[in-house]
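Below is one structure; the comments refer to it alone.
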Amino acid sequence: MLGVALFIAFWLILGLGVLSIAMSGGLRGARKSRPSARAGNRAVTALFVVIYAGFGLALPITLLAGNHANASGQFDGVKLTKADNEGRELFGQHCAICHTLAAANAVGKVGPNLDILQPPKSLVLTTIQNGLQIGSGTMPADLVVGKQAEDVADFVSTVAGK
Ligand code: HEC
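Everything in the sequence shown is counted per my numbering, starting at 289 for the first residue and increasing by one.
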């Protein structure tokens with residue numbers, strides 16, 4: 289994120305510099321009251337604004353947005369739906385401290401490694417609803433409920449072991 293900020297700041301400063309040079313040229317032209325030179329300078333200013341806005345801001349923003357969409361749009365060749373991506377967020381908030389799941393960058397060690405277990409959606413859902421206490425640890429019930437529980441279960445069963 290710092291890199292992005294620096295990148296934008298760089299273009300901002302460069303763009304403002306170019307703009308101020310172009311505008312000071314425009315003012316000199318105005319003082320000499322040569323209409324054609326003034327119009328020319330204004331055209332140059334406009335051109336710089338277009339180039340600056342087009343390449344300095346629009347292009348990087350488009351690329352960054354595109355990269356982000358790609359990064360969250362799929363995992364290791366598995367296409368993630370919108371619901372899956374919400375499940376991924378929720379998993380990070382509610383499950384990652386206890387479970388390992390590569391697709392969510394989760395490395396928790398309290399509960400079983402879900403990449404190894406590869407639970408079907410129904411098992412994830414009932415476990416979320418009922419909680420679990422059989423082995424050494426305890427998993428609380430209802431960490432997420434309703435649609436959110438569905439999304440998490442969908443996400444886990446889609447990506448586990450991938
Ligand atoms: C506080 C730690 C903790 C949290 C948070 C947690 N779990 Fe668990 N989970 C466990 C433990 C411990 C077990 C195994 C229980 C046992 O074997 O006694 C488990 C087991 C499971 C199982 C396997 C069930 C089975 O029958 O084998 C699934 C699936 C699961 N958790 C999914 C999730 C999901 C999804 C979330 C987030 C909504 C979550 N867990 C949050 C600790 C946790």
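From the three backbone atoms N, C-alpha and C, an ideal C-beta is built for every residue, glycine too.
In or out: residue i buried (at least 16 other Cβ within 10 Å) or exposed?
i, result
"Leu302", "exposed"
"Ala448", "buried"
"Phe379", "buried"
"Val508", "Absent from the model: residue 508. The displayed extent of the chain is 289 to 450, so no value can be given."
"Ile416", "buried"
"Gly375", "buried"
"Thr446", "buried"
"Val292", "exposed"
"Ala391", "buried"
"Phe443", "buried"
"Val440", "buried"
How many angstroms separate the CA atom of residue i from the CA atom of residue j?
i, j, result
"Arg330", "Phe336", "10 Å"
"Leu368", "Gln362", "5 Å"
"Leu431", "Leu420", "12 Å"
"Val332", "Ala310", "7 Å"
"Ser312", "Ala334", "13 Å"
"Glu438", "Lys370", "12 Å"
"Asp372", "Arg326", "57 Å"
"Lys397", "Gly434", "26 Å"
If I'm right that residue i touches residue j with Cβ under 8 Å, what's the distance once you round it to whole angstroms?
i, j, result
"Gly344", "Trp299", "4 Å"
"Gly399", "Gly365", "No, Gly399 and Gly365 are not in contact; Cβ-Cβ is about 26 Å, not under 8 Å."
"Leu402", "Thr388", "7 Å"
Which residues does DSSP pair with residue i in a beta bridge?
i, result
"Phe363", "Val366"
Just to confirm the assignment: which complete alpha helix (DSSP H) runs, minimum length 4, are found wholly within the segment 385 to 441?
402 to 405, 409 to 418
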